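S.K.: Take a look at this one; I'll ask things after.
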Amino acid sequence: MGWKEAAEPVLTRMPAVQRPEGHVPFKRKLGWTAGILVMYFFLTNITLFGLQTGTDDFYGQFRSILAGSQGSILQLGIGPIVTASIVLQLLGGADLLGLDTNDPRDQVLYQGLQKLLVVVMICLTGLPMVFAGGFLPADPAVAQQLGVGQFGVETLIFVQIFVGGVLILFMDEIVSKWGVGSGVGLFIIAGVSQQLVAGLFSWQELGQASGFFPTWFGIVTGSVPLGSPLTAEGLQALFLGQGQLLALVTTVLIFAVVVYAESVRVEIPLSHARVKGARGRFPVKLIYASVLPMILVRALQANIQFLGRILASQLGEGMPAWLGEYNQQGQPVGGLFYYLNPIQSRDQWTWFLGTTSAEPWEVMLRVGVDLTFMVVGGAIFAVFWVETTGMGPEATARQIQNSGMQIPGFRRNPQVIEKVMERYIPQVTVIGGALVGLLAVMANMLGTIGQVSGTGLLLTVSITYKLYEEIAEEQLMEMHPMMRQVFGGGD
Amino acid sequence: MSRGQNTGGLMSSAGLVRYFDAEDRNAIRIDPKSVVAFGVLFGVGVEILNILAF
């Protein structure tokens, strides 16, 4: 008996959000998406009950990719979903699962396994966070008040973040089934956009650092002192300091590069086998596997860092120096975990400006490790992504064949179409994946407005672009109900 | 053409979690409205506890 038969009773019974019956009008879809977004923001603002105030963010700089908010019910964000996805991608990509995603029975099992893994990951991330590392310390006053002791309050905190993690999973499912795009994408966009807007417009009276526009208003009116732009200090303040001109340039550059890269594609001409004159194109985009594999690579790095922090909190002084040295803020400053920590902002590598105390060779080694990790990891996860989501040569050939199209000048046969696809898809996938990895590292190194991590911004722009395409498609379907058949959505 | 195939193609633009059309008869189905209602009530509940505690 294989694992499938053994696990079937559990996996098929995993609770799922109901599917809409029939077509959901576009306005209703937007309504669901907006509603979930409001609910997400609401939940990120609910502080965990029994939590001691003034804690460091466990996710740190990874927060913009993993969404959620420190100390709130949504403490875990999409972390468990992403980690579960990594495991599934690796298992599926290496073909260890033996699940055929074209078979309805296997589809049910795949969905169930996916959910089960997320729940496992919620526990695996949440338990050490609450009980081991002291990253979510229980408030002793609450413990005394309730008379349940420290452990009781910790359990309460864990229950809350567990419920929050499961809620995120179901919210994602609602958006995927009833709304536009996906919940995971939506939550990343929400967090990054919030930070970006704050970085542009926030002013000091709000209790945050002054944003780009208020600062420049101050510079122009003379209330913010800035040295003469003719001196080196003045120039530095203008571009790197308060002026933030470099951050502005990077932010705009990331927008431009991502939108450009999204539009670069190889188009394979198609014509209909029976309807003469009906032509189409199959686009093989440069970023064929989308930027989602990038979340997986970054999350892998994040998980390595979590391991380091938990080890550091458990071993304390006993942690060997080659493994990791941590400062007061819980940031690694030496050892293996320092080199494995990706560069998150400009001041982590500009040793020549004196922003970091690390030696130049240490910084360069760290950048090198990050670059290798992202470029190689990006390519590998892109290949796995294409395989597991049915975007590979074989699957697309079958799809084209079934839609009644053919490549002009070739025999109408799935194997022939597959041969042509094989000339493009694998190469484009690897190049695209590696390129996105390189972009993500560079974006992180240059820094952006509002201290959004470059990778976060990259993901946001790309996901928004995809969302825009999807909305355009939806509107087309609203206008011509016939189009629904072409795109295969709803009935 | 089965709809499952097409969904597979469209899913690439969606998220990390994949949902298929196939569903088991045994599966517990939840109405999306109840998820939202539970989430909001849970949030309000925790907030009330917070207010009561301090």
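For the record, the sequence lines run as chains A and B. Heads up: the first sequence begins at 1 in the numbering used here, then just goes up one per residue. Heads up: the second sequence begins at 1001 in the numbering used here, then just goes up one per residue. Note that the Cβ used here is the ideal one computed from N, Cα and C, for glycine as well. Note that this is a predicted model, so its numbers are computed, not measured.
1. Output needed for Phe26(A): all residues of its chain with C-beta closer than 7 angstroms, excluding positions within five of it in sequence on either side, in chain order.
2. In chain order, what residues of the same chain lie with their CB nearer than 7 angstroms to the CB of Leu248(A), ignoring the 5 residues before and after it?
3. Along chain B, in chain order, which residues have C-beta atoms closer than 7 angstroms to that of Gln475(A)?
4. If we define contact as Cβ-Cβ less than 9 angstroms, is Leu1049(B) a contact residue for chain A?
5. Can you tell which of Pro408(A), Thr396(A), Gln194(A) has its C-alpha closest to the C-alpha of Gly277(A)?
6. Contact between the region 290 to 297 of chain A and the region 382 to 398 of chain A is defined here as three or more beta-carbon pairs at a separation below 8 angstroms; is this criterion met?
7. Return the chain-ordered ranges of every alpha helix (DSSP H) run that is complete within the region 292 to 368 of chain A and spans a minimum of 4 residues.
8. Which same chain residues, not among the five before or five after Leu11(A), have their C-beta less than 6 angstroms away from its C-beta?
9. Taking the continuous alpha helix (DSSP H) assigned at Glu267(A), which residues delimit it?
10. Assign Ser182(A) to buried or exposed, taking buried as 16 or more other Cβ atoms, counted over all protein chains shown, within 10 Å of its Cβ.
11. Which term fits Ala299(A), buried or exposed, when burial requires 16 or more other beta carbons within 10 angstroms of its beta carbon?
12. Can you check DSSP and say which residues form a bridge with Leu51(A)?
13. Closer than 9 angstroms, CB to CB, is Leu1016(B) near chain A or not?
14. The beta strand (DSSP E) with Lys276(A) in it runs from where to where?
15. Kindly indicate if chain A contains any beta-carbon less than 9 angstroms away from that of Asn1006(B).
16. Can you say whether Ala232(A) is buried or exposed, counting buried as having 16 or more other CB atoms within 10 angstroms of its CB?
17. Could you check whether the Cβ of Arg105(A) sits closer than 9 angstroms to any Cβ belonging to chain B?
18. Relative to the C-alpha of Gly392(A), which candidate in Val367(A), Gly79(A), Trp361(A), Ile425(A) has its C-alpha closest?
19. Helix, strand or coil: which one does DSSP assign to Arg412(A)?
20. Please state whether DSSP places Met445(A) in a helix, a strand or coil.
21. Provide the residue(s) that pair with Lys285(A) in DSSP beta bridges, ordered along the chain.
22. With H, G and I counted as helix, E and B as strand and the rest as coil, what does DSSP make of Arg423(A)?
23. What in chain B is Cβ-close to Gln114(A), meaning under 8 angstroms?
24. What does Met405(A) pair with, by DSSP beta-bridge criteria?
25. Would you say Leu269(A) lies against chain B (beta-carbon separation less than 9 angstroms)?
26. What number of angstroms, rounded off, separates the C-alpha of Thr47(A) from the C-alpha of Gly54(A)?
27. For a quick check, are the C-beta atoms of Val369(A) and Gln348(A) less than 9 angstroms apart?
28. Would you check if there are 3 or more beta carbon pairs closer than 8 angstroms linking the region 72 to 84 of chain A to the region 153 to 167 of chain A?
29. CB-CB under 7 angstroms to Asp139(A), same chain, minus the five flanking residues each way: which ones, in chain order?
30. Can you give the beta carbon distance from Leu467(A) to Gly179(A), rounded, assuming they're within the 8 angstroms contact cut?
31. What ranges does the alpha helix (DSSP H) occupy inside the region 228 to 266 of chain A, keeping only unbroken runs of at least 4 residues that lie completely in it?
M.R.: Result, derived from the coordinates:
1. In the first sequence, residue 26(A) corresponds to position 26, counting from 1. Here the set comprises Glu474, Gln475, Glu478.
2. Stepping through the first sequence from its first residue, residue 248(A) is reached at position 248. Within the same chain, and ignoring the five residues on either side of Leu248(A) in sequence, the residues whose Cβ sits closer than 7 angstroms to its Cβ are Phe212, Ile449.
3. As a first step, residue 475(A) must be located in the first sequence, where it is residue number 475. Chain B residues near Gln475(A): none, gap ~15 angstroms exceeds 7 angstroms.
4. Position 49 of the second sequence, counted from the first residue, corresponds to residue 1049(B). Closer than 9 angstroms: yes.
5. Along the first sequence, read from residue 1 onward, the residue named residue 277(A) stands at position 277. Comparing Cα positions, the closest option is Pro408(A).
6. The answer is yes - the region 382 to 398 of chain A touches the region 290 to 297 of chain A, with three or more Cβ pairs under 8 angstroms.
7. The region 292 to 368 of chain A contains these whole alpha helix (DSSP H) runs: 292 to 315, 336 to 340.
8. Counted from its first residue, the first sequence places residue 11(A) at position 11. If we look at Leu11(A) and ignore the five residues flanking it on each side, its Cβ neighbours are Leu109, Gly112, Leu113.
9. Taking the first sequence and counting its residues from 1, one reaches residue 267(A) at position 267. First-last for Glu267(A): 265 to 272, but that is the beta strand (DSSP E), not the alpha helix (DSSP H).
10. Within the first sequence, residue 182(A) is the residue found at index 182, counting from 1. When all chains shown are included, Ser182(A) counts as buried.
11. For the purposes of this step, residue 299(A) is taken as the residue at position 299 of the first sequence. That one is buried.
12. Walking along the first sequence from the start, residue 51(A) turns up at place 51. Answer by DSSP bridge pairing, in chain order: Ala138(A).
13. Position 16 of the second sequence, counting from 1, holds the residue named residue 1016(B). Chain A, which has a Cβ nearer than 9 angstroms to the Cβ of Leu1016(B), makes this yes.
14. The residue given as residue 276(A) occupies position 276 in the first sequence. Secondary structure note for Lys276(A): it is in no beta strand (DSSP E), with a DSSP letter that is neither H nor E.
15. In the second sequence, counting from the first residue as 1, residue 1006(B) sits at position 6. Reliability of the predicted coordinates at Asn1006(B) is poor, the pLDDT of 38 falling under 50, and no value is obtained from them.
16. The count along the first sequence starts at 1 and reaches residue 232(A) at position 232. Taking all protein chains shown into account, Ala232(A) has fewer than 16 neighbouring C-beta atoms within 10 Å of its C-beta and is therefore exposed.
17. Taking the first residue of the first sequence as position 1, residue 105(A) is located at position 105. A Cβ of chain B is located within less than 9 angstroms of the beta carbon of Arg105(A).
18. Sequence index remark: in the first sequence, residue 392(A) carries index 392 (1-based). Looking from the CA of Gly392(A), the closest CA among Val367(A), Gly79(A), Trp361(A), Ile425(A) belongs to Ile425(A).
19. Here residue 412(A) is taken as the residue at index 412 of the first sequence, counted from 1. DSSP, read as helix, strand or coil, puts Arg412(A) in coil.
20. Start at 1 with the first residue of the first sequence, and residue 445(A) comes out as number 445. In the structure shown, Met445(A) sits in a helix (DSSP, three-state: H, G or I).
21. The residue given as residue 285(A) occupies position 285 in the first sequence. DSSP, once it has assigned bridges, lists Arg265(A) as partnering Lys285(A).
22. Residue numbering aside, residue 423(A) sits at position 423 when the first sequence is read from its first letter. Reduced to three states, the DSSP call for Arg423(A) is helix.
23. Position 114 of the first sequence holds residue 114(A). What Gln114(A) touches in chain B: Val1017, Arg1018.
24. Position 405 of the first sequence, counted from the first residue, corresponds to residue 405(A). Per DSSP, His272(A).
25. Counting from 1 along the first sequence, the entry for residue 269(A) is found at position 269. Residue identity differs from the one stated: residue 269(A) is Pro in this sequence, not Leu. Not closer than 9 angstroms to any Cβ of chain B, the Cβ of Pro269(A) fails to qualify, so no.
26. Taking the first residue of the first sequence as position 1, residue 47(A) is located at position 47. Taking the first residue of the first sequence as position 1, residue 54(A) is located at position 54. Each residue's alpha carbon lies about 12 angstroms from the other.
27. Position 369 of the first sequence holds residue 369(A). Position 348 of the first sequence holds residue 348(A). Not closer than 9 angstroms, so no.
28. Contact holds: three or more Cβ-Cβ distances are below 8 angstroms.
29. The residue you call residue 139(A) lines up with position 139 of the first sequence. Excluding five sequence positions before and after Asp139(A), the CB atoms of its chain that fall closer than 7 angstroms to its own CB belong to Gly50, Leu51, Gln52, Val153, given in chain order.
30. Counting from one through the first sequence, the residue named residue 467(A) turns up at place 467. Counting from one through the first sequence, the residue named residue 179(A) turns up at place 179. In fact, because the Cβ distance is near 10 angstroms, the residues do not count as touching under 8 angstroms.
31. For the region 228 to 266 of chain A, whole alpha helix (DSSP H) runs of length 4 or above, ordered along the chain, are 232 to 239, 245 to 263.
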